[in-house]
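Read the structure below first, then the notes.
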Amino acid sequence: MKDKRTYQVGEAMARSDALTKVTGEEKYAIDGVGPDFLWAGAKRAGVPHARILRIGTDSALQVPGVRAVLTAKDVAGKNRQGVIRKDQPVLADDRVRHCGDAVALVVAENPSALEEALERIVLDLEPLAAVFDPEEALAEGAPIIHPDHQGGNALFSGEIRNGDPEKAFDTCHASLAACFELPRQAHAFLETENGWAIADQEGRIELTVSTQTPFRDRMEMAEALGLSPDRIRIIAPYCGGGFGGKDGITVQSLLGLAALHCPGEPVKMWWHREESFLAGIKRHPARLYYRLGATQDGILTALSARIYFDTGPYDHLGSVVATLGLEHAGGPYRIPHTHLQVWAVYTNNPISGAFRGFGVPQVTSAMESILDMMAEKLNLCPLEIRKRNALTRGDRCPAGVTRQGSVGLLECLDVLQSHPLRKTQSEWKASAGPHHKRGTGIACASHGMGYGPTVPDSATAGIELTAEGKFQILAGVVDMGQGNIATYLQMAGDILSQPPENLVTVLPDTNRTFPCGSSSASRTTYTYGNALIAAAETLKQRLLARTADFLMVPDTAQLVLIPGGIRHIASGKEFSLARLACLLNPKERSATHHYRAPVCQEVTQADAGLRLCGFPHLIFSHAAHLVRVEVDELTGQVSAKAYLAVSDCGRIVNPVNFSGQQEGAVAQGLGYALFEDCRVENGQMMTKDFTTYILPTALDVPDIESATVSLNEPTGPFGLKGAGEIGIDIPLAATANAVQDACGVRFYRFPITPERVLAHLDK
Amino acid sequence: MEIRFELNRKEVCLEAPDDRRAVDLLREDLGLTGTKEGCGAGECGACTVLVDGQSRLSCLMTAAQLSGKKITTIEGLSAEGALHPVQASFVEKGAVQCGFCTPGMVLAAVDLLSRCPNPERPQMAEALSGNICRCTGYKKILDAVAATDTKTVTDFPLPTKMGEKDVPVSIPNRTGKVCPVFLPESLDDLWPLLSKHPQARIFCGGTDLLVWIYHRRVRPQALICIERIRELQGVVKTAEGVWIGAGTTHDSLLQNRTIARRVPVLVQALKTLGSPPIRHMGTIGGNLMTASPAGDTLPPLYILDALVELRSARSTRRLPLTDFILGPGKTSLAAGEILFGIVVPKPDELPLQYFEKVGLRKALACAVASLAAAFKLSEDGRIEIARLAWGSVGPAVLRLPEIENALTGQPFCQDTLEKVIPVVREHCSPIDDVRASAVYRRLVAGNLLLRLPQAFSFSGPVAE
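For the protein sequence lines, the chains are A and B, in the order given.
Counting from 1 along the first sequence, just add 54 to a position and that's the residue number in our numbering.
Counting from 1 along the second sequence, just add 2 to a position and that's the residue number in our numbering.
See below:
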């Protein structure tokens, strides 16, 4: 089935990658299989904090089929990886800091030999006092997890003050305080962390890996393993889900190490589900102390927030997550007097890191809950209090930064207000059957896009006219499922007037594509899209100019690109792209463009550490959501029954891809609200499979309607803004507000499990 | 062993280790990587394949179980250039994001549409509830199923070739020890195997055992798969009630008219069990042999006073189910015996039947508490017979004769039920685990009784 239509921006066209995915032809990293593959696996520590006395590998080495058993001694480089603070060993050397730490690496000829050998490794560990609560970890006398870190267990802290919050609280009409606890959410992508690698005799390694960050991985691996980056090639196929969980090193360095010890043979590493739960990163659990002050009319005047993120034993991206959380702590509202503080704290719990939303779901959950509490206190409708305080362009946000660019929150609220789900909410509430209660909740958020002012948010796009007359796009930024690559084709296809069959992609590959940054931060389509537009325009102008020469017409004004060729409008003469390609020097057939996203120039009082970690952002998407719930009073079960997401993410390049992103984010957010909780006790992961870590099934997700207010973002490619994350920021808060509406119970700890609901109802 | 089966309409015959997982054979040995693996425990559906047209999970099948079957993987659904209508609809409706669940999801949809050409939306969601998608929120997947032209599904010519790749004739055994898997097709075949391999683990469906094996929690020396034994299949109306073969799958029971008419409480329970592919594989006998207090078929069978029929090479014996199940994972099955059938005596005497499971979600849920109830009421609304059994509130399914007796003769109403709730809670001895606390299980065990008036929608006179 080939789509013959020319690509057009704005049209709901089928995704280019859907075809090979729906037939099973698409090769993910996990699909590197073969009878000659060796298997690598890690011995995990199993205890949360200990000094390593000895690692006994003799017995493991005797298992038939075992090729190598490696420990930290075999790591030639710094044996440290990380994005900001490099604090995570490839293989633990002096101590283990959480149960999932890799202590030894085994390479074997088959999975059974691998398992057998891993079981036979003997760890001689001297237990150390451990700490599992972020506030306890900050207290005097707590066991220190990284003695070499200046800040003790505070990996990072940040503070923002605006106005005079103490005075504002003293003088406000109403104030409220509450503490919220957010759970540890697992990405639970279906394709767990994996990859395969092969090294040659000279120590060059080629890895095919499920990652969101091939270029950054290469740098990290090189440093950790003591290699020159040009010795490492990373190929990044489509991911079977990422959501932030593949934003950074997972299997890469271990695989590289394994491959170096077995040159000439492909080595595979595949974390099974349990290992993914144990060793993969998770969304930061958070404890948030909020205090909100308002006037009698519900005008917000003061906010104080103390936010603790449990980052586990390693930075990963903890400091950056904390900073984004801090920036969004007050939501998309005008609050002149604020005191916002955040800590990312080392503990001996599993590692926390990037997860879609990146700190914003946690703070949104707190802010939108306490805002509803304030509305109730002042006898205002939740929609009204939001409209009275919603940021508009030119306002200062609670973090004190001028909101520039397009701001569509009020428009979103208007759409929500006139929607039937909102208009009939009292009928909904009154319609509950025996032993049931029904309610409706709303919540809002904004979400900043990109890396912020310090780390360059840039991408280099490449486009080439192939010898066959097709256009090849060098996409250096990973598609983990969100459809950014299909969107690139749609943009380039629109500019060049080509149908899908005339466009081909080169997926991220450190040898073939250009560095484009990570697939993250709602910046993937924005940044690369801008680069691609410029590259495609450059190539287009060049092709038209050369065609004008070949056709001996005076200029390019009368030439237009058509599928497969160029037409001279005046004469009707056509010149095929294949012919043009063979007349051009190959060097002329390609164009590249490097784009660096604009940054916020505003200098606030905030400290330099915050700027380094991404504060402040310049461009924000906005959204307002509504959910209907039903609560079963006999069991405490909460069902989401209908959902509306209204988004301001700029102009929409592909409406189907866009709504797909919102629906998927909402489903993940409903999971966060109702089911998902990686339970950890004394550092041990208690939920290690999909029977205890509960993901929503098709029966648990309601019909989700996605609506948009398509404001133009002038800096965005075709007017768009980031759309991948904002949808997950809001569902938990909206659900909590709906449960309160249904049965009068305000939730402070999440998820809203049947057990917690019933405990409240039983009181 | 030599395994002969039909793979994407091509006869294949290969030599492979019996106990190799079907998913590994397909992906690693045959290169059919369209079949994915997401959990290795039957909890995500990514490894779904069609076995004789029915969705099953290839992570919970041994290679041996492929023999004699018609297997369709995603690669067998479309030939070059011509997408199957379900695939075309998935592409058109934007039902594909990361694509990792897609092959399993498409095959589950093909299975649904081949049995039920015009499903309603809730039926579609139900049919796909064993396939986890982490990207889409399911809406566009259901849209795609709804938009599939079902006429073209039945007419669609499935490609006859498997693809370029030739099937190897021999799969090397790279793992050392092979655990032999036997597939007897009759009791006559079974008995000699049992005496020859007394240490063998018997399974029938494998949805529990194969998970344990894969996670190295059990390491059997031999496996005997009894799901193909003819005598273990089916439902028979007898003078004393209904006989159910232990090897009957949950799905076959759900399709069975006798069960639907005479044992509705079992149907209600089966509908909540696992997911569609799990119900295609798992059997009622397997569910009883696992002897978990969370087993969904247990509470219904307890209130029906079901008997189990045990057979060995030499003898047959019957005993009440309550005597058969001794505790979690423990039964009174003797060496050389198998669970042969289940007898449900006189279910018609219990006209009002109800089952409710409280799980943590609406499919793929393990019961944190469940209630099976069967009542008979007099014309003036008094309780003539009350039978109640709770799952997941103690080491075994809980039946409380004293409460049943206390209810007898009382008017059937909320007040009557409320009065016994404290006693019910007192008798529960649940555990705290990661799914729920004992306190919660105890609360819910009582509360579920209050659903009965609504469930039986009793509108007759209630005696004072």
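In this text, a Cβ means the ideal position worked out from N, Cα and C, and glycines have one as well.
Bear in mind that the values here come from a model prediction, so they are computed numbers and not experimental data.
State the Cα-Cα distance for the pair residue i and residue j, rounded to the nearest angstrom.
| i | j | result |
| --- | --- | --- |
| residue 383 of chain B | residue 306 of chain B | 22 Å |
| residue 1 of chain B | residue 81 of chain B | Because residue 1 of chain B is not part of the residues shown, which for chain B are 3 to 466, the question remains open. |
| residue 665 of chain A | residue 405 of chain A | 24 Å |
| residue 543 of chain A | residue 554 of chain A | 8 Å |
| residue 471 of chain A | residue 694 of chain A | 19 Å |
| residue 327 of chain A | residue 95 of chain A | 13 Å |
| residue 166 of chain B | residue 16 of chain B | Low confidence applies here, because residue 166 of chain B scores a pLDDT of 48, under 50, leaving its location unreliable and the question unanswered by this model. |
| residue 172 of chain A | residue 114 of chain A | 7 Å |
| residue 434 of chain B | residue 268 of chain B | 27 Å |
| residue 474 of chain A | residue 760 of chain A | 14 Å |
| residue 702 of chain A | residue 573 of chain A | 21 Å |
| residue 111 of chain B | residue 311 of chain A | 43 Å |
| residue 408 of chain A | residue 508 of chain A | 18 Å |
| residue 142 of chain B | residue 92 of chain B | 8 Å |
Output needed for residue i: all residues of its chain with C-beta closer than 7 Å, excluding positions within five of it in sequence on either side, in chain order.
| i | result |
| --- | --- |
| residue 424 of chain B | none |
| residue 802 of chain A | 232, 233, 234 and 235 |
| residue 260 of chain B | 237, 239 and 244 |
| residue 808 of chain A | 689, 690 and 691 |
| residue 646 of chain A | 514, 515, 516, 568 and 589 |
| residue 126 of chain A | 133, 143, 145, 146 and 147 |
| residue 105 of chain B | 36, 37, 38 and 76 |
| residue 396 of chain B | 295, 430, 431 and 432 |
Output needed for residue i: all residues of its chain with C-beta closer than 8 Å, excluding positions within five of it in sequence on either side, in chain order.
| i | result |
| --- | --- |
| residue 292 of chain B | 210 and 331 |
| residue 616 of chain A | 551 and 628 |
| residue 257 of chain A | 281, 285, 314 and 317 |
| residue 315 of chain B | 193, 196, 197 and 338 |
| residue 14 of chain A | Residue 14 of chain A falls outside the range modelled here, since chain A spans only 55 to 817, and no answer is possible. |
| residue 273 of chain A | 283 |
Taking Cβ to Cβ, would you say residue i is nearer than 8 Å to residue j?
| i | j | result |
| --- | --- | --- |
| residue 137 of chain B | residue 334 of chain A | no |
| residue 30 of chain B | residue 532 of chain A | no |
| residue 98 of chain A | residue 167 of chain A | no |
| residue 494 of chain A | residue 193 of chain A | no |
| residue 340 of chain A | residue 236 of chain A | yes |
| residue 445 of chain B | residue 812 of chain A | yes |
| residue 287 of chain B | residue 329 of chain B | no |
| residue 362 of chain B | residue 729 of chain A | yes |
| residue 96 of chain B | residue 711 of chain A | yes |
| residue 716 of chain A | residue 727 of chain A | no |
| residue 121 of chain A | residue 161 of chain A | yes |
| residue 290 of chain B | residue 227 of chain B | no |
Only counting the same chain, and skipping five residues up and downstream in sequence, which positions put a Cβ closer than 6 Å to that of residue i?
| i | result |
| --- | --- |
| residue 142 of chain A | 135, 136 and 368 |
| residue 382 of chain A | 414 and 417 |
| residue 78 of chain B | 10 |
| residue 129 of chain B | 114 and 278 |
Which chain B residues sit within Cβ distance under 7 Å of residue i?
| i | result |
| --- | --- |
| residue 748 of chain A | 362 and 363 |
Please compile the residues from chain B whose C-beta is within a distance smaller than 9 Å of the C-beta of residue i.
| i | result |
| --- | --- |
| residue 489 of chain A | 449, 452, 453 and 456 |
| residue 630 of chain A | What residue 630 of chain A touches in chain B: nothing, since even the nearest Cβ is about 24 Å away. |
Cβ closer than 9 Å: which chain A residues qualify as neighbours of residue i?
| i | result |
| --- | --- |
| residue 131 of chain B | 751, 752, 753 and 754 |
| residue 351 of chain B | Simply none; closest approach about 28 Å. |
Which chain A residues sit within Cβ distance under 8 Å of residue i?
| i | result |
| --- | --- |
| residue 302 of chain B | None at all; the shortest Cβ gap to chain A is about 19 Å. |
Since residue i meets chain B, which of its residues come closer than 8 Å, beta carbon to beta carbon?
| i | result |
| --- | --- |
| residue 757 of chain A | 141 |
| residue 327 of chain A | 40, 41, 42 and 43 |
May I have a chain-ordered list of the alpha helix (DSSP H) segments no shorter than 4 residues that lie completely inside the stretch 515-564 of chain A? Counting only runs of 4 or more, we get 538-550.
4-residue-minimum alpha helix (DSSP H) runs that sit fully inside the stretch 113-176 of chain B, ordered along the chain: Fully enclosed alpha helix (DSSP H) runs of 4 or longer: 123-129, 141-149 and 152-157.
Write down every uninterrupted run of the beta strand (DSSP E) in the stretch 375-461 of chain A whose length is 3 residues or greater and which is fully enclosed by it, in chain order. The qualifying runs are 391-400.
Entirely within the stretch 259-299 of chain A and at least 4 residues each: give me those alpha helix (DSSP H) ranges in chain order. The stretch 259-299 of chain A contains these whole alpha helix (DSSP H) runs: 268-279.
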